[in-house]
Amino acid sequence: MNANRFKYKEITDIILTLDPAHEAQLINYLKATNIEVGLLLNFGRKPEFKRFVYDNKRKNISDDQRRSAAE
């Protein structure tokens, strides 16, 4: 198994509950990096977790889009 297959970045924050701002931040991280899967975990009184997937194929920008953005 290729060890590079499981690259990850860990961001730790202490919160009471998961809220939509945390979800939005995770989605932005996934869009901005080559990481495709993100987890939000809360080990508080009510444990909860959410898994987000943002496929790298959706992140590709075609040459036409780059040219029109530069104009």
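Sequence positions in the sequence shown follow my numbering and run 83 to 153.
Backbone N, C-alpha and C define an ideal beta-carbon position, used for all residues, glycine too.
In terms of CA proximity to Arg133, Ile109 leads the group Ile96, Ile109, Phe125, Thr115.
Beta-bridge annotation (DSSP): Glu130 is paired with Asn124.
Residue environment analysis places Leu121 among the exposed positions, since fewer than 16 neighbouring C-beta atoms fall within 10 angstroms of its C-beta.
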